[in-house]
Amino acid sequence: MTDTTAPHTATPHAPTPATPHATPDASKTAHNTQRGITIRDVTSDQSGKWLEAGWRDFKRTPAIGLAYGAFCVVAGYVILLSLFQAGQPYLTLPLGAGFMLIAPLLAVGLYETSRRLEMGENVTLWHSLNGFRRNPGQLGAIGVILMLFFLLWSRVAMLLFALFYNGDVPPLDTLIWQTFFSRDAMGFLITGSILGGGFAIMAFAISLVSIPLLVDRDIDVITALTLSVTAFRRNWRVLIGWAAALAVLAACGMVVFLLGLAVVMPLLGHASWHAYRGLIDTTNADAPRLRRVVP
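Positions in the sequence shown are counted from 1; adding 255 to them yields this note's numbering.
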């Protein structure tokens, strides 16, 4: 462990610091290190590298990626069918946006796939499910938090429709017109985008590092959440752009009748693993990497 008090307790025989930058550098490192894990500063050009690395992982294990992507497509159709049967098609857009809140948890198997590729281990679809078995209680705690964000956002979306459309839900035949082109559409979309963006940024900040870290290391959920929020706070300018890129790609996957998610979902999952690896330095981590033997 680094002794941050050394400059203040040195004996008369100890040498003085060589440069005036020694103390600030030491305090900076200590402030951003927990369990030997240090937060890195990243630049905007690294986003492209994360996507490139994610695409390489997808190409190395296309069957695994497409299996997770197909699951998202089928789940999306089931949700859409349920909304139409319940007479609530107006929730399609809010729930599509809410998908981004819980997507990091759905991508755990993809994190595990990238993790095993990085370590040079064998990987199959069955192996990828290891990710859900690592730290199950800690991952479950974050899953509850993200689900609460999702449910709260769904409730807020319903309230927005009620407020902007005088309590009347737009009928299916005029839903698109009422949502995007009516007199109240601009205020509705601006308000919804601001509130939805707030939910998305909070969920993104707490899941950015925490979920892949819990898949990778023997660490507790509080430390994982703290590191994730700290990483976002230190690199928020770059990471807001990264979050926007993820959202745009996910939206592109959804607009083609959800079929694009079959490729976009695994790409973003693998890329998010590489974002995690780029944001933190685990060289001196005292939390060991988790292993689980699967036949």
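We put the beta carbon where it would ideally sit given N, CA and C, even for glycine.
Pair within 8 Å by beta-carbon distance, residue i and residue j
i, j, result
"Phe419", "Gly442", "yes"
"Pro359", "Ser483", "no"
"Ile357", "Phe405", "yes"
"Leu513", "Thr434", "no"
"Ser465", "Ile535", "no"
"Arg388", "Ala540", "no"
"Asp471", "Leu545", "yes"
"Leu469", "Asn390", "yes"
"Ser527", "Pro467", "yes"
"Ser501", "Leu523", "Note that residue 501 corresponds to Leu in the displayed sequence, not to Ser. Closer than 8 Å, so yes."
"Leu560", "Ala322", "Shown here, the chain extends from 256 to 550; a query on residue 560 therefore has no answer."
"Trp305", "His529", "yes"
"Trp432", "Ser302", "no"
Identified DSSP bridge partners for residue i
i, result
"Arg544", "Arg472"
"Ile292", "Gln289"
Per-residue burial, residue i [other beta carbons within 10 Å of its own, 16 or more giving buried]
i, result
"Cys507", "exposed"
"Ala277", "With a pLDDT of 36 at Ala277, under the threshold of 50, the predicted position of this residue should be treated as unreliable, though the coordinate-derived value follows. So Ala277 counts as exposed."
"Tyr531", "buried"
"Val511", "exposed"
"Tyr345", "buried"
"Leu403", "exposed"
"Ala341", "exposed"
"Asp312", "buried"
"Trp491", "exposed"
"Leu414", "exposed"
"Arg488", "exposed"
"Ile477", "exposed"
"Met374", "exposed"
"Tyr366", "buried"
"Val297", "buried"
Local conformation of residue i per DSSP, three classes
i, result
"Thr537", "coil"
"Thr298", "coil"
"Thr241", "Residue coverage of the chain in this structure runs from 256 to 550, which leaves residue 241 outside it and unanswerable."
"Arg532", "helix"
"Asn390", "coil"
Item checked: Any beta strand (DSSP E) of 3 or more consecutive residues that is wholly inside the region 340-381 -> Taking only runs of at least 3 residues, no beta strand (DSSP E) segment lies wholly in the region 340-381.
Check: In chain order, which beta strand (DSSP E) runs of at least 3 residues are fully inside the region 440-491?
Finding: Counting only runs of 3 or more, we get nothing.
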